[in-house]
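Here's the structure, in structure tokens; my notes come after.
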Amino acid sequence: MKGYAGKLLRVDLSEGKISKEEISESMKKDFLGGRGFAIKLIWDEVKKIDPLSEQNKIVFATGPLSGQLLPSSGKMVIASKSPLTGGYGDGNIGTMASVHLKKAGYDMVVVEGRAERPSYLLIEDGNVKILEASDLWGKNTFEAQDILEKIHGRNSGILLIGPAGENLIRISTVMSQKGRAGGRPGMGAVMGSKNLKAVVIKGTGSIPNFDDEKLKQFGKKGYEEIKGKENYEFWMRQGTMQAFEWCNENGCLPTYNFKEGVFEFSKEMDGYVLEKLHIDRKGCPMCSMQCGHIIKDASAKRAELDYENVGMLGPNIGLRSLPQVALLNRMADEWGLDTISLGSCIGFLMEASERGVIPEKIGWGDFEAAQKLVREIGGGEGLGKLVYNGVRGASEIIGKGSNRWAMQVKGLEISAYNCHGCPGMALSFGTSPIGASHKDAWIIAWEISTDRFSYSKEKVQKLIEFQRIRGGFFESATVCRLPWVEVSFGLDWYPKYLEAITGNHMSWEDLYQIGDRIYNLIRAYWKREVPRFGRAWDDPPDRWFEEPPSQGKMKGVKIDRKKYEQMLSWYYELRGWDEDGIPLKETLDQLGLEEVSRELIM
Ligand code: PTT
Ligand code: SF4
863 MKGYAGKLLR VDLSEGKISK EEISESMKKD FLGGRGFAIK LIWDEVKKID PLSEQNKIVF
923 ATGPLSGQLL PSSGKMVIAS KSPLTGGYGD GNIGTMASVH LKKAGYDMVV VEGRAERPSY
983 LLIEDGNVKI LEASDLWGKN TFEAQDILEK IHGRNSGILL IGPAGENLIR ISTVMSQKGR
1043 AGGRPGMGAV MGSKNLKAVV IKGTGSIPNF DDEKLKQFGK KGYEEIKGKE NYEFWMRQGT
1103 MQAFEWCNEN GCLPTYNFKE GVFEFSKEMD GYVLEKLHID RKGCPMCSMQ CGHIIKDASA
1163 KRAELDYENV GMLGPNIGLR SLPQVALLNR MADEWGLDTI SLGSCIGFLM EASERGVIPE
1223 KIGWGDFEAA QKLVREIGGG EGLGKLVYNG VRGASEIIGK GSNRWAMQVK GLEISAYNCH
1283 GCPGMALSFG TSPIGASHKD AWIIAWEIST DRFSYSKEKV QKLIEFQRIR GGFFESATVC
1343 RLPWVEVSFG LDWYPKYLEA ITGNHMSWED LYQIGDRIYN LIRAYWKREV PRFGRAWDDP
1403 PDRWFEEPPS QGKMKGVKID RKKYEQMLSW YYELRGWDED GIPLKETLDQ LGLEEVSREL
1463 IM
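Position one of the sequence shown corresponds to residue 863 (our numbering), numbered consecutively onward.
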């Protein structure tokens, strides 16, 4: 099939071995790319091992749309067995590394083993080397990016970790370009456990497509369509921060560790304030709607802000100044810590302090204390020792019922949407295949604009449709979903793009099926890897069922547990899973996953 480089690059850091393998036609047809490629490889090769041992593997995977001259296509997936959750984990990053990887002649890179000394991987077309990185070890991601750019040129694709990944902090992520982040469920720690500081990629080839002329035309039309969209101008002003005011109005802004859904100081830090402070814009390659808004942080350094970062490092910890939030965001980027999990950990510790569950005194909105906590978490010191493994790990250590307000599902911290009044979004967090991420089904906007408080089967069906499009298609194609989500770029473009690239006609029905195959394989992976995995793993935090907010539109509202359970049962039924959430044999067989069903049943 055209549109793929057709090769997998395998690097064994223990043996210093580098090899190239063909990617089979059936792999492309059945799994498309990105997340699909990653879970297939991880299912086949990463079995019942400790995620931080040298037996784990980390996958960097593109898809057929990645790196093409198409709207927002500079994305790639970073995946592994997660040290934070114990199950499948991945993240999606916008980076020049995506474009370079395909030009270098590979669709994916698999890194296994563990280097003896700090190392980095250099991929220059067919020339691949494992190089010494002792001088880079301990450097933050901004410093290390500068050094690597000096050696290999500014036009290199660089993926790297900060000290948090080196210190095996489970909420560490992978960074690129001083502001792009991908791999929330501890992908930074997996790189750290392999002594792998960075992957530097430089490709000079071209991607062999089926019909380049058509693709060029379609791409051009796509870019034009995006620029002409009604919401484009507002999007360019606020980017993802346009969600801030909306969340506050609708009572779903994460506030004081998700106790509340409105923040009394929201006007001091919303998208309009961002507009005033904005000094520059950044984003991913190939994108005409770049959403990385740069402001000067409280120490006058440049920092990039997104809604999730502001929600979690602002209201969620009681902080009300955007430059102060930006400083925490910049620190997280330098350390290579995931901002969502970091904000959740800090909020959790502040609440633990308020309740007297820990002796330390840390008040809501205490900026000095928050900075100290970032350093301690990144370094695995002081209170960082309590939360280095996320809020689930911390609540297991301190007990005293703290699991009820540890805001996570499957071990991954919830992103910035308070769901006391959004049962559909709660189910989305519950059933997300990597833990509580919003990436697979951001159903909240649809839910609030339709019948917010219903627990209907229709809502569950809609949730699955979102998962098929977002978690199935966008994560495996692999392109940014924001043109579709934020400015209503037409979904009907994507089958056309795929056809011009690969030569194969794929309808949305076909793409849904690929998405279902990927979801079922991920679910099977959880079942195989995690002891006693089942229904309880799809439980959102008790706080949403038990402690309604005291203010705002959602005052007094909480989720009805019985009705949530009914929605979950419908979800399983519609997915073809049993009452414990395990894929049925016939479901797996229908998707061509017979071997998987045999292995699960054995
Ligand atoms: C994503 C998660 C998000 S989602 C945000 S802000 W968001 C946080 N950003 C972080 C950051 O910044 N620094 C940091 N140290 N940690 C961070 N953790 C958080 O990571 C991101 C954009 C955004 S901004 C979103 S919604 C969309 N996500 C996409 C996705 O998941 N898939 C896809 N096909 N397209 C997407 N487009 C958008 O990409 P994770 P990025 Mg990201 C500073 O990584 O693990 O998936 O978690 O990739 O290049 O930074 O773009 O309001
Ligand atoms: Fe990257 Fe934002 Fe553009 Fe998506 S919209 S490709 S996240 S810059």
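Yeah, the Cβ is synthetic: ideal placement off N, Cα and C, and Gly gets one too.
I'd like to confirm something about S1299: is its beta-carbon nearer than 7 Å to some heavy atom of the ligand SF4, or not? no
Can you give me the Cβ contacts of C1146 inside the same chain, cut-off strictly under 6 Å, excluding the 5 residues immediately before and after it? Counting only Cβ-Cβ distances below 6 Å, and skipping sequence neighbours, we find G936 and G956.
Rounded separation between G1273 and V1253 - CA only: 8 Å
4-residue-minimum alpha helix (DSSP H) runs that sit fully inside the stretch 1200 to 1224, ordered along the chain: Taking only runs of at least 4 residues, the alpha helix (DSSP H) segments lying wholly in the stretch 1200 to 1224 are 1201 to 1216.
Using only the alpha-carbon positions, how far apart do P1025 and N1110 sit? 34 Å
For A1307, count neighbouring Cβ atoms within 10 angstroms of its own Cβ and tell me buried if that reaches 16, exposed if not. exposed
Would the C-beta of L1344 count as close to the ligand ZN, meaning under 7 Å from any of its heavy atoms? Of the ligands this structure carries, namely the ligand PTT and the ligand SF4, none is the ligand ZN.
Quick check on N1171: does DSSP put it in helix, strand or coil? Three-state result, N1171: helix.
When you compare the CB positions of L1199 and I1239, do they come within less than 8 Å of one another, or not? yes
Three-state secondary structure (DSSP) at A1051? helix
Decide if F899 is buried, meaning its Cβ has at least 16 other Cβ atoms within 10 Å, or exposed. With 16 or more other Cβ atoms within 10 Å, it is buried.
Restricting to Cα atoms, I'd like to know which of L984, K890, M1416 and D1313 is closest to R872. L984
Any heavy atom of the ligand PTT inside 7 Å of the beta-carbon of D1191? Sequence inspection shows Asn at residue 1191; the Asp mentioned does not correspond to that position. Yes, Cβ of N1191 sits closer than 7 Å to a heavy atom of the ligand PTT.
If you measure between the beta carbons of L993 and A1006, is that distance less than 8 Å? no
Heavy atom of the ligand PTT less than 7 Å from the Cβ of V1271, yes or no? Closer than 7 Å to some heavy atom of the ligand PTT: that does not describe the Cβ of V1271.
So the alpha helix (DSSP H) A900 belongs to, where does it begin and stop? G896 to E907
Less than 8 Å between the C-beta atoms of F893 and I1296, yes or no? No, the pair does not count as a contact, with Cβ atoms beyond the cut-off.
Kindly indicate the opening and closing residues of the alpha helix (DSSP H) around N1017. Run containing N1017: none; DSSP gives neither H nor E here.
What residue range is occupied by the uninterrupted alpha helix (DSSP H) comprising D874? No alpha helix (DSSP H) contains D874, which is instead part of the beta strand (DSSP E) from K869 to D874.
Beta-carbon proximity of G1101 to G1113, cut-off 8 Å: no
Where does K991 sit, in a helix, a strand or coil, going by DSSP? strand
Evaluate E1456 with the Cβ neighbour count: other Cβ atoms within 10 Å of its Cβ, from every protein chain shown; 16 or more gives buried, anything less gives exposed. exposed
Beta carbon of G819 nearer than 8 Å to that of L932: Residue 819 is absent from the model: the chain starts at 863 and stops at 1464.
Report the three-state DSSP secondary structure of M1269 (helix, strand or coil). coil
Which value, in whole angstroms, describes the spacing of the CA atoms of V1061 and V921? The alpha-carbon atoms of V1061 and V921 are separated by roughly 12 Å.
Is it buried or exposed, P1393, if we count other Cβ atoms within 10 angstroms and call 16 or more buried? exposed
In three-state terms, what does DSSP make of E1126? coil
D952 by DSSP, collapsed to three states: which one? strand
Can P1285 and S934 be called in contact, C-beta distance under 8 Å? no
Just to confirm before moving on: does the CB-CB distance between F1351 and E1087 stay below 8 Å? yes
Beta-carbon spacing of I1208, I1179 below 8 Å: yes
I'd like to confirm the pairing. Which residues does DSSP put opposite Y984 in its beta bridges? Sequence inspection shows Leu at residue 984; the Tyr mentioned does not correspond to that position. According to DSSP, L984 bridges with K991 and V1062.
Under DSSP, the alpha helix (DSSP H) around D1142 begins and ends at which residues? D1142 -> not in any alpha helix (DSSP H); beta strand (DSSP E) instead, spanning D1142 to K1144.
Have a look at G1041, L1450 and Y1433 and flag the residue whose alpha-carbon is nearest the alpha-carbon of D1442. Taking each of G1041, L1450 and Y1433 in turn and checking the Cα distance to D1442, the smallest one comes out for Y1433.
Whole alpha helix (DSSP H) elements within the stretch 1402 to 1451, 4-residue minimum: 1405 to 1408 and 1423 to 1437
C-beta contact flag for V961 and G929 at 8 Å: yes
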